[in-house]
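Colleague:
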Amino acid sequence: MNILERYHAMEYGPAPEARNEADAWLAGRDFSKALFIDGAWRAASGGKTFETSEPSSGKLLAKVSDAGAADMDAAVAAAAKALPKWSASSGYQRAKVLYAIGRAMQRHQRLFAVLETIDNGKPIRESRDIDVPLAIRHFIHHAGWAQALDKDFPGHKGVGVVGQIIPWNFPLLMLAWKIAPALAAGCTVVLKPAEFTPLTSILFAEICERAGVPKGVVNIVQGGPEAGGAIVNHPGIQKIAFTGSSEVGKIIRKATAGSGKKLSLELGGKSAFIVFEDADLDSAVEGLVDGIWFNQGQVCCAGSRLLVQEGIAEALIAKVKTRMSRLRVGSPLDKNTDIGPLVDATQLDRVKGLVAEGARQGAVCWQPDAALPSSGYYHLPTLATGVSPANILAQEEVFGPVLATMTFRNTEEAIELANNTRYGLAASVWSENVNLALHVAPQLKAGVVWVNGTNMFDAACGFGGYRESGFGREGGREGMFEYLAAKLPLGPAIKPATISAQPVEQADGSAIDRTAKLFIGGKQVRPDGNYSLAVATAKGKLAGEVGFGNRKDIRDAVSAARACKAWPEATAYNRSQVLYYLAENLSGRAGEFAARLTELTGATPKAAREEVDQSIERLFLYAGLADKFEGRVHQPPARAVTLALHEPIGVVGIVAPNTSPLLGLISLIAPALAMGNTVVAVPSERYPLLATDLYQVIEYSDVPAGAINIVTGRTAELAGVLAKHDDVDGLWVFADAETCAKAEASSIGNLKRVWSGNGRSLDWASDEAAGDALLRRAIEVKNVWVPYGD
Ligand code: NAD
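What follows is the structure in structure tokens.
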């Protein structure tokens, strides 16, 4: 073939990356001593090992120590021993260590990339150009946070010993996302890598030795689910950070319920890739290559659902097929390879099974006519068309190179289809019309939205999901909060409510009998069961009766809260005015509320008046902050700006405490409302009349119907119903310890965000129990990436 013929054929020659350094490293290590605990290398105490093999050939790479519970005890003990000194060291000291880690990784960048590719199967282009540089950036970026801690996070300190569990799809990058912020915050860590991909974490531990990380600050313990379980259930750990499947995330949520452990879950996804008819189709096709075929589709935020506007569907699909035919499937160490093997035979079987089931359910699955290498766990890129929204390929996370396609007619339909999933991790919006893209982005229930782009990440920009994609963020300022504890002043322990045990003397007939109803959808309504509960005064006399709300009433209240669009869609200024008006109207009846407090709680008139005044002040505070607790704009090292928007969580259930019954209730409802959430509140079981007295104040304050709903009744029962309700997005529970623990355990259906006092109240009158600390709980941070330039 002459040069001209070669040029026209455009054939690629093999361009293999050298692996001798990696092989030498593999040959030189004793993997039977692969647990890095207290700065030393240890074998598993039970002597067990597991095998890690090369996905492109199936060949054994190493037999690695498999930790048991005793090893985890040793790792946690080492982390606890190292904690006091590390957390007390200066931000500058910690910054120097983080920087040294980043620099040492830079010096071994190529070895990291080759090892990652050998162990995971991802194309070397990706590990070399994306995984490893981004991991390094995380350490260097977080060196800065270590030093900025006191200034940027006043009133916060590191949570303590952190247990971290990561998956196999980005082994080094996920390690960096976990360890960098933890060290910056002054925490010490016990990290468990995934059992398919232990190698780069072992190299990373070597880097820690060389970079001067103090002994015990970073402990890396190899193993599988059992080792993971030992971390989750370990009493010496104060926070669990997990990245992995939604299924295991739910197990962890349940296992940590009531333990007081801080928890962040970065889970699966089924992200929409939305192409409008005015999109640049060629760019969108290249975006798709990055969106679904990056890392063989084994990406939590893979754009696995292509939603395309009807008029351009045929043209786009044709372009996608042409491009798919040119994707090069082969050795991941070849620099020209686009698609390598899946991580393991089990993963390959799973993907094949889902594709077969999708086809059985009516999808037409197309693959390019390409040969697969003779060994290894390869799967051809696959395009599924004719996919109904209920098809398994549209609903389940495949975690493989499989794209499910659906069409839409207009913008509303696109948004509806995009949100038709139990996940909420990411989405891409393709349109040359920036007005349209920025109109759609906030309406997508996803933690990250890329406009005319996909799979962009940066250490300065938060990443994380909504709904069953988990909660918490990694990266940026919001990621730092995951490793910090606010010093909230605790109030007294909350005892289980005992209203039924209270002897209530009958009324003497001097007052007009009143039974408070429930407040749902802007109206006072009778409870479904038509029962009421007697409420006693401090002296044990009958103060009145309130509706005995049940499951059905909570359901109605949640529907009303969900249906209320006027509140989340109102401008922040608008919300602020309504909150001011609430304060004004409460102030007009301050004397009446103070008298009620005295009557019910026995508080002195002075203390009661103080609580009412503080409640009014709280409303004023949140009215003022409603239009000030805003997001940020990041400038990542890319031609893009990232808008970190503060969005309401959605429908928030609030179970209010007995202590400071008016101030406690208002201290919780007001920040939730200020950020645009709608609320279903269960007031204190002992003093519900303070909440029912608020109905009229609410009615006179221009609060849209459904923005505030109040259901009185038994705290434990109603908290349980709210926790299990899949249309409640967030739940704040200040009740006895058992009710709090049960609420956390029952929240796994939709993985709602639960903020629990763990059986303790807060000192509601203190300044720390107001302002940003609560507003932060009332929002999700959505990062919208907007590229610029031609
Ligand atoms: P997985 O949930 O099976 O395993 C993840 C980790 O948890 C592994 O280290 C595993 O050993 C451990 N583990 C398994 N069972 C456990 C248990 N019962 N208790 C404690 N630990 C346990 O997930 P995977 O197959 O390794 O990874 C793929 C999943 O990870 C996908 O669902 C993907 O979407 C998700 N993921 C999410 C993100 C994100 O940021 N949201 C990033 C990468 C991957």
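Numbering of the sequence shown is given in the numbering used here, commencing with residue 2 and proceeding in unit increments.
For every residue, glycine included, the Cβ atom is placed at its ideal position computed from N, Cα and C.
1) Quick one: what's got a C-beta closer than 8 Å to Glu600's C-beta in the same chain, skipping five residues either side?
2) Taking the alpha carbon of Thr713 as the point to measure from, which residue in Ala771, Asp737, Ala657, Lys753 has its own alpha carbon closest?
3) Output the distance between the C-alpha atoms of Glu315 and Met407, rounded to the nearest integer angstrom.
4) Alpha carbon to alpha carbon, what distance is there between Leu328 and Ala371?
5) Find the nearest neighbour of Ser748 within the set Val729, Gly760, Asp764, Asn759, judged by alpha-carbon distance.
6) If you draw a straight line from the C-alpha of Arg650 to the C-alpha of Ile780, how long is it?
7) Name the DSSP beta bridge partners of Thr408, please?
8) Ser326 to Lys255, Cα distance in whole Å?
9) Are there any heavy atoms of the ligand NAD lying less than 7 Å away from the beta-carbon of Asn337, as far as the coordinates show?
10) Using 8 Å as the threshold, is the C-beta distance between Asn456 and Val559 below it?
11) Give me, in chain order, the residues of the same chain whose beta-carbon lies closer than 7 Å to that of Gly790; leave out the 5 immediate sequence neighbours on both sides.
12) Which value, in whole angstroms, describes the spacing of the CA atoms of Lys35 and Trp733?
13) List the residues that DSSP assigns as beta-bridge partners of Val286.
14) Can you find a heavy atom of the ligand SAH that lies under 7 Å from the Cβ of Thr118?
15) Less than 7 Å between the CB of Tyr295 and some heavy atom of the ligand NAD, yes or no?
16) Is Ala502 buried or exposed, if buried means 16 or more other CB atoms sit within 10 Å of its CB?
17) Relative to the alpha-carbon of Val680, which residue among Thr118, Ile521, Leu598 has its alpha-carbon at the smallest distance?
18) Under 8 Å between the Cβ atoms of Asp1 and Asn751?
19) Taking 7 Å as the cut-off, is the beta-carbon of Pro402 closer than that to any non-hydrogen atom of the ligand NAD?
20) In this structure, how does DSSP classify His726 when only helix, strand and coil are distinguished?
21) Could you tell me which residues DSSP pairs with Cys366 in its beta bridges?
22) How would you label Ser767, buried or exposed, when you count the other beta carbons within 10 angstroms and need 16 or more for buried?
23) For the ligand NAD, any of its heavy atoms closer than 7 Å to the Cβ of Gly304?
24) Can you tell which of Glu593, Pro490, Val526 has the C-alpha that lies nearest to the C-alpha of Ala771?
25) Would you call the CB atoms of Gly159 and Val233 closer than 8 Å?
26) Suppose the cutoff is 7 Å on Cβ atoms and the five residues either side in sequence are ignored; what does the same chain contact list for Asp151 look like?
27) Do you know whose CA, among Leu674, Thr572, Glu611, lies nearest Glu593's CA?
28) Between Ser429 and the ligand NAD, is there a pair consisting of the residue's CB and a ligand heavy atom that are separated by less than 7 Å?
29) If I measure Cβ to Cβ from Thr201 and keep anything under 6 Å in the same chain, skipping five residues before and after, which residues do I get?
30) Would you tell me roughly how many angstroms separate the C-alpha atoms of Ser265 and Gln110, rounded to the nearest one?
31) So, does the segment 477–492 touch the segment 305–323, judging by three or more C-beta pairs under 8 Å?
32) Along the chain, which unbroken stretches of the beta strand (DSSP E) at least 3 residues long are found entirely within the segment 701–782?
33) Under 7 Å from any heavy atom of the ligand NAD, does the C-beta of Ile166 make it?
34) Measure from the alpha carbon of Ser375 to the alpha carbon of each residue in Phe154, Asn434, Gly331, Cys209, then state which is nearest.
35) How big is the Cα-Cα spacing for Tyr581 and Ile711?
36) Would the segment 237–247 count as touching the segment 133–142 if we require 3 or more Cβ pairs under 8 Å?
Modeller: In this structure, then:
1) Thr538, Ala539, Ala544
2) Ala657
3) 11 Å
4) 9 Å
5) Val729
6) According to the sequence provided, residue 650 is Ile. The question's Arg does not apply to it. Spanning the two alpha carbons is a distance of roughly 5 Å.
7) Val309
8) 45 Å
9) no
10) no
11) Arg640
12) Strictly speaking, residue 35 in this sequence is Ala, with Lys absent from that position. Spanning the two alpha carbons is a distance of roughly 42 Å.
13) Val286 is not bridged to any residue.
14) Absence of the ligand SAH is noted for the structure shown, with the ligand NAD being the only ligands found.
15) Looking at the sequence provided, one finds Phe at residue 295 rather than Tyr. No, since every heavy atom of the ligand NAD falls outside the 7 Å radius drawn around the Cβ of Phe295.
16) Unreliable placement is indicated for Ala502, whose pLDDT of 42 sits below 50; no coordinate value is reported for it.
17) Ile521
18) Within the shown structure, residues of the chain are numbered from 2 to 791, placing residue 1 beyond reach of any answer.
19) no
20) coil
21) Ala385
22) exposed
23) no
24) Pro490
25) no
26) Gly92
27) Glu611
28) no
29) Phe113, Leu116, Glu117, Pro172, Leu173
30) 29 Å
31) no
32) 709–711, 731–734, 754–757, 761–763
33) yes
34) Gly331
35) 20 Å
36) no
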